[in-house]
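Read the structure below first, then the notes.
Numbering (our numbering), first residue to last: 364 to 503.
Structure follows, in structure tokens:
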């Protein structure tokens, strides 16, 4: 089993509102996010397609994507900043950055499998085999 944590370094700065992470070139940043997903657990591409359309930033505004239903959900993997923001910050992840969003997503996936993304399961459920939904076994 691959260890994914080493591929994504925490951003190391505190989370800020999505509007403060405005980019001049969100298209290039979203392309970078897609490239980074190639290094993440394979299930992330499927989940990110359902959660955010595989985008971290709005291409219209340049802001970090926020959930349409739950505005606290942010970025590529739609990490809920209200639920996970404090823990993510304590661990050095900024879920508003692409690296922090994927990095903290990997932490969630290792500990909980796909459970944190169950709200979009209707979209990805038939595409993700059951064995990829479980938390990853502890590394020895």
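Ideal Cβ positions, reconstructed from N, Cα and C, are used throughout, including at glycine.
Keep in mind that this is a model prediction, so the values were computed, not measured.
Confirm, please, whether the CB-CB distance from residue j to residue i is below 8 Å.
{"i": "residue 491", "j": "residue 406", "result": "yes"}
{"i": "residue 410", "j": "residue 445", "result": "no"}
{"i": "residue 393", "j": "residue 414", "result": "no"}
{"i": "residue 396", "j": "residue 417", "result": "yes"}
{"i": "residue 454", "j": "residue 476", "result": "no"}
Residues bridged to residue i by DSSP?
{"i": "residue 420", "result": "427"}
{"i": "residue 437", "result": "429 and 442"}
Determine the DSSP secondary structure at residue i, reduced to helix, strand or coil.
{"i": "residue 461", "result": "helix"}
{"i": "residue 409", "result": "helix"}
{"i": "residue 446", "result": "helix"}
{"i": "residue 496", "result": "coil"}
{"i": "residue 390", "result": "helix"}
{"i": "residue 404", "result": "coil"}
{"i": "residue 399", "result": "helix"}
Among the residues of its own chain, which have a CB less than 6 Å from the CB of residue i, if the five just before and after it don't count?
{"i": "residue 336", "result": "No information on residue 336 is available, as it lies outside the stretch 364 to 503 that the chain covers here."}
{"i": "residue 389", "result": "420, 422 and 425"}
{"i": "residue 482", "result": "none"}
{"i": "residue 523", "result": "Any property of residue 523 remains undetermined from this structure, which presents the chain solely from 364 to 503."}
Looking only at its chain, what residues have a beta carbon closer than 8 Å to the beta carbon of residue i, apart from the 5 residues adjacent to it on each side?
{"i": "residue 372", "result": "Caution applies to residue 372, whose pLDDT of 40 falls short of 50 and renders its modelled position unreliable; the model cannot decide the point."}
Residues in its own chain within less than 7 Å of residue i by CB, not counting five upstream and five downstream?
{"i": "residue 433", "result": "443"}
{"i": "residue 399", "result": "461 and 465"}
For this session: Pair every Cβ in the region 454-473 with every Cβ in the region 482-489, then say whether three or more of these pairs are closer than 8 Å.
Result: no
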